[in-house]
Amino acid sequence: MRHPNATGSWPIHGVDVTKPLRDPPSDEYGRGNGWTIDIAVATNITITESESRFNIRELNLKVPDNAFSGTYQTVNATEHYDVCSCMWWGNRWSSDDMEKFQQNADGSCNGVIPESCIAYVRETLSGGLCNRPASYKTPEGCHALAPSFAVTASMVLRANKSTYGIGRNWGLYTDGSEELAAYDHAVTNVFPVMLLYKYDDGEVRSNYTVFRCVRANQIAEGSRQPEAFGDRRGSAGVFGVSMFSLFTGLVLCLMVTSLM
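Written as structure tokens, this is what we have:
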């Protein structure tokens with residue numbers, strides 16, 4: 079994204095996919111080994127010839143230099159890995175939820191999403207959610223997560239590439255009457271993300287998941303600091319994708335990812 083209004087970078091422990099996943103790292107909030115989940119938000123953007131304006135949110139997995147020990151001289155260097163991501167777009171956070179998120183500086187969800195819910199999603203994703211997204215159902219006690227989400231399946235990590243798209247979304251900016259609230263909503267919103275590494279070479283079978291609640295907590299130079307959290311009541315309307323069915327959300331994600 080060329081001119082974001084706000085950005086955020088959230089550290090994680092990444093995996094060297096040229097090696098077997100014998101000892102998965104712990105998903106420790108606020109710590110990492112150079113890998114990050116990055117978010118950028120641009121507001122009031124015209125992307126077509128029409129007069130409509132949009133807020134664009136883009137999330138990426140960023141890989142540091144020398145993250146892989148292998149040379150990728152063979153085509154099947156990472157054939158035993160399946161890497162995918164899942165993110166929830168249309169969440170309806172309350173003002174109290176947003177206050178808790180702002181107090182969180184390590185990417186945890188600060189209790190807004192219960193640990194039991196996160197544990198369930200980890201188990202579901204590891205069990206095949208990336209390949210069977212329609213099988214996912216929001217469990218009791220997990221209503222903080224929107225029922226609509228986007229999956230980026232079969233992420234192929236390579237030594238000559240440092241950025242991998244997790245998802246991109248755009249929603250209408252405003253009808254012209256509440257621009258301040260629309261801006262504040264866009265640059266303060268929070269997105270739950272899960273990243274899965276699954277490994278199976280016939281002898282070693284393991285998996286590793288990362289869960290973060292990410293937000294664009296760094297306002298770009300020249301952009302206005304938000305005065306509030308925006309109108310949270312209208313979040314589902316702002317996030318047009320949340321109105322879609324689960325299947326439609328998946329198709330849109332795959333279409334956008336293919337263009338990155």
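So the sequence shown is residues 79 to 338, counted in this note's numbering. For every residue, glycine included, the Cβ atom is placed at its ideal position computed from N, Cα and C. No experiment lies behind these values; they were computed from the predicted model shown.
How far does the beta strand (DSSP E) with Lys140 in it reach, from first residue to last?
-> Lys140 -> beta strand (DSSP E) spans Phe132 to Lys140.
Beta strand (DSSP E) segment containing Ser163, residue limits = Tyr159 to Trp166
Rounded C-beta distance between His158 and Asp279? I'm assuming under 8 Å.
-> 4 Å
Around the Cβ of Gln151, are there at least 16 other Cβ atoms within 10 angstroms (buried) or fewer (exposed)?
-> Legend: pLDDT at Gln151 = 46, less than 50; position of this residue unreliable, value from coordinates given subsequently. Under a 10 Å Cβ-count criterion, Gln151 is classified as exposed, with fewer than 16 other Cβ atoms of the shown protein chains found around its own Cβ.
In whole angstroms, what separates the C-alpha of Val339 from that of Ile196?
-> Missing from the structure shown is residue 339; the chain here goes from 79 to 338 and no further.
How would you call Lys97, buried or exposed, if buried means at least 16 neighbouring beta carbons within 10 angstroms?
-> exposed
Kindly list the residues whose CB is nearer than 7 Å to the CB of Tyr107, restricted to its own chain and excluding five residues on each side of it in sequence; keep chain order.
-> These residues qualify, in order along the chain: Asp184, Gly185 and Ser186.
Between the Cα of Val119 and those of Ala306, Glu257 and Pro82, spot the shortest distance and give me the residue it belongs to.
-> Pro82
If we ignore side chains and look at the alpha-carbon of each, how far apart do Gly86 and Gln296 end up?
-> 6 Å
Three-state secondary structure (DSSP) of Asp278 | strand
Can you give me the Cβ contacts of Phe99 inside the same chain, cut-off strictly under 8 Å, excluding the 5 residues immediately before and after it?
-> The sequence given here has Leu at residue 99, not Phe. Correct list, in chain order: Val93, Tyr159, Tyr275, Tyr277, Val282, Ser284, Asn285 and Tyr286.
Going straight from the alpha carbon of Arg109 to that of Trp88, what length do you get?
-> 9 Å
By Cβ distance, which residues of its chain are closer than 6 Å to Cys273, with the 5 residues on each side in sequence left out?
-> The sequence shown places Leu at residue 273, rather than the Cys named in the question. Ser163 and Val288.
Starting from the C-beta of Thr241, find all residues in its chain whose C-beta is less than 7 Å away, skip the five residues before and the five after it, and write them out in chain order.
-> Asn138 and Lys140
When Val271, Ala231 and Trp248 are compared against Arg200, the one with the closest alpha-carbon | Val271
If you run the structure through DSSP and keep just helix, strand and coil, what is Gln303?
-> coil
With DSSP run on the structure shown, which of helix, strand or coil describes Cys208?
-> Residue state, collapsed to three classes: coil.
Identify the residues that DSSP records as bridge partners of Cys291: which are they?
-> Pro270
Phe146 lies in the beta strand (DSSP E); which residues open and close that run?
-> Going by DSSP, Phe146 is part of no beta strand (DSSP E) at all; its letter is neither H nor E.
Give me the Cα-Cα distance between Pro103 and Asn111, rounded to the nearest whole angstrom.
-> 10 Å
Contact belief for Phe371 with Trp113 at Cβ below 8 Å, rounded distance in angstroms | Lying outside 79 to 338, the shown extent of the chain, residue 371 is not represented and no answer is given.
What span of residues does the alpha helix (DSSP H) with Val199 cover, start to end?
-> Looking at the DSSP string, the run of the alpha helix (DSSP H) that includes Val199 is Glu193 to Thr202.
Contact under 8 Å by Cβ, Arg135 with Asn247 = yes
C-beta atoms of Val161 and Met233 nearer than 8 Å | yes
Give me the Cβ distance between Ala371 and Asn267, rounded to the nearest whole Å; I'm assuming they're in contact under 8 Å.
-> Outside the shown range of the chain, which is 79 to 338, sits residue 371, and nothing can be said about it.
Look at the alpha carbon of Arg236 and the alpha carbon of Gly243, and state the distance between them as a whole number of angstroms.
-> 13 Å
Once you ignore the five residues that flank Glu305 on each side, which residues in its own chain have a CB closer than 8 Å to its CB?
-> Same-chain partners within the cutoff: Leu258 and Asp262.
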